[in-house]
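2 protein chains.
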Amino acid sequence: MSQYRLEVRVKPRPGLLDPQGKAIHHSLNSLGWDGVADVRVGKAIYIDLEAESAESAIAAAEEMCRKLLANPVTEDFAVALEQEAAAS
Amino acid sequence: MSQYRLEVRVKPRPGLLDPQGKAIHHSLNSLGWDGVADVRVGKAIYIDLEAESAESAIAAAEEMCRKLLANPVTEDFAVALEQEAAAS
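Here the protein sequences line up with chains A and B, keeping their order.
Counting with this note's numbering, you get residues 1 to 88 for the letters of the first sequence.
Counting with this note's numbering, you get residues 101 to 188 for the letters of the second sequence.
In structure tokens, the structure reads:
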């Protein structure tokens with residue numbers, strides 16, 4: 001068993017209303033950033049997890065998303081090992 | 101001027117209390133995931149931005165984090181072009 005740090009990103013689906021994103025968009029325009037076309041706000045969830053392998057850690061995190069972390073009707077999610085995410 | 105999609109991740113600093121993360125951690129344990137050692141919750145903000153170059157888009161997003169999106173006392177942030185983030 002090894003320790004893995006996973007990054008889960010949960011994002012509102014395209015086309016659905018995102019009031020928090022709209023509020024940030026408006027604030028950015030007010031602060032002088034005119035080039036901002038759209039803002040969407042989701043969650044970034046960092047999970048330290050003990051698992052047999054990186055694959056099983058990612059599979060567990062995807063299951064967590066389906067059961068708890070993401071709303072399957074309104075949100076999409078992506079899971080990555082944080083080392084990989086940090087390299088981007 | 102081109103259109104860029106940036107992903108900003110805002111994360112509570114290590115050591116600071118994160119009640120939302122604690123609540124998720126507890127829920128995951130209740131659902132049977134015993135291998136979870138820690139959970140931290142931050143924000144993932146997706147910004148569509150018009151800019152001269154990828155570098156200036158990233159610089160603008162970092163400035164947005166310092167002025168509006170992140171609390172400099174309690175949060176760290178990272179900015180990436182979404183194409184790069186999606187590749188991870």
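Here a beta-carbon is modelled for each residue, glycine too, at the ideal position from N, C-alpha and C.
Take the Cβ of residue i as the centre, count every other Cβ of all protein chains shown within 10 Å, and call the residue buried at 16 or more, exposed below.
i        : result
Ala87/A  : For Ala87/A, the predicted model reports a pLDDT of 39, less than 50, meaning its position is unreliable; a value from the coordinates is still stated below. Ala87/A is exposed by the Cβ-count criterion.
Arg66/A  : exposed
Asp18/A  : buried
Gly115/B : exposed
Phe77/A  : buried
Ala170/B : buried
His25/A  : buried
Using a threshold of 8 Å, is the CB atom of residue i nearer than that to any non-hydrogen atom of the ligand NAD?
i        : result
Ala144/B : The model depicted lacks the ligand NAD and carries no ligand whatsoever.
Considering just the uninterrupted stretch of the alpha helix (DSSP H) at residue i, what are its terminal residues?
i        : result
Gly142/B : Not the alpha helix (DSSP H): Gly142/B falls in the beta strand (DSSP E), residues Val136 to Ala151.
Lys122/B : Pro119 to Ser130
Ala100/A : Any question about residue 100/A goes unanswered here, given that chain A covers just 1 to 88.
Is the beta carbon of residue i sitting closer than 9 Å to the one on residue j?
i        : j        : result
Leu168/B : Leu31/A  : yes
Glu175/B : Gly142/B : yes
So residue i and residue j are in contact, right, with Cβ under 8 Å, and what is the actual spacing, rounded?
i       : j        : result
Ile45/A : Val73/A  : Not really, about 19 Å apart at Cβ, beyond 8 Å.
Glu7/A  : Ala80/A  : 5 Å
Arg5/A  : Gly21/A  : With 8 Å as the limit, Arg5/A and Gly21/A do not qualify as a contact, their Cβ atoms being about 27 Å apart.
Val36/A : Ile147/B : 6 Å
In chain order, what residues of the segment 29-63 of chain A put their CB closer than 9 Å to some CB of chain B? Leu31, Trp33, Asp34, Gly35, Val36, Ala37, Asp38, Val39, Arg40, Val41, Gly42, Lys43, Ala44, Ile45, Tyr46, Ile47, Asp48, Leu49, Glu50, Ala51, Ala57, Ala60 and Glu63
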